[in-house]
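Numbering follows this note's numbering, in which position 162 of the sequence shown is assigned residue number 165; successive positions increment by one, without gaps. Following: one structure in structure tokens, then a few remarks.
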Amino acid sequence: MAEKFGKPLITQDAMRGRIRELGKQISKDYQGKDLVVVGVLKGAYVFFADLVRFIQLPIQIDFLIAKGTKEVGRPAKTVKVWTELTEKIAKRHVLLVEDIVDSGITAKFLISELNKHKPASIAICTLLNKPAHRQTEIKVRYAGFEVSQGYIVGYGLDFEQKYRNLPYLAKMDPEPVQKEL
Ligand code: IMP
Ligand code: MG
């Protein structure tokens, strides 16, 4: 599988260093606060596991399974959420962990859903940020790396549900990849 993608877009060392910095910053910003870190599955699963191990606070973790889908005949992307949180977030601080914020539609929808539970605050931490692609206004407080173009896979990110297990981030050819035999 690795031969298909060539060199990593961002090396594992660079990634580790940047995620450590994010964890340090989050630990500082939420010092003394009651924090629930919510991972958005599936894409964020690898980043989430790395990030939380660099957060030096007694956090709780939780997950949502969500997916943005563009349905035929609908003008904009709609977001489907399969699960509910298991932890209570009312009056608590929530950090929503995403793999990538692209149009911003998924994150914005999830924030409006989570806001119904009246948390003390909600912030977004994403591994990758594509600010040039925004279709909606959304504030990203923590971003690992900004990317401008191209479709990225690996390290949790998929193409048609594949390549999430590639251990690094790689740019995918804009051409559809050939089916593996
Ligand atoms: P948004 O709603 O447009 O911000 O899209 C966010 C979701 O789309 C992410 O959580 C990913 O699942 C997916 N996505 C967007 N861009 C990419 C990419 O370059 N590679 C893999 N998934 C992507
Ligand atoms: Mg995806």
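For glycine and all other residues, C-beta sits at the position ideal for the given N, C-alpha and C.
Distances taken from the Cβ of S106 to the heavy atoms of the ligand IMP include one shorter than 7 Å. One thing to note: I127 has its Cβ within 8 Å of the Cβ of V143.
For D102, the shortest separation between its Cβ and any heavy atom of the ligand IMP lies below 7 Å. Taking C-alpha positions only, K174 is separated from V39 by approximately 32 Å. If only complete runs of 4 or more residues are kept, the region 118-150 shows no alpha helix (DSSP H) anywhere. A contact is defined here as three or more CB-CB pairs under 8 Å, and the region 88-98 meets this definition with respect to the region 50-66. According to the DSSP assignment, Y48 belongs to the alpha helix (DSSP H) that extends over 48-55.
From the listed residues V43, M4, E24, the smallest Cα separation to L99 is found for V43. Taken from the Cβ of L99, every heavy atom of the ligand IMP lies 7 Å or farther away. Checking the 7 Å criterion, the Cβ of D16 is out of range of every heavy atom belonging to the ligand IMP. Restricted to the region 78-106, the beta strand (DSSP E) segments that are unbroken, complete and at least 3 residues in length are 81-84, 96-104, listed in chain order.
In this structure, the straight-line span from the alpha carbon of D37 to that of V104 is close to 25 Å.
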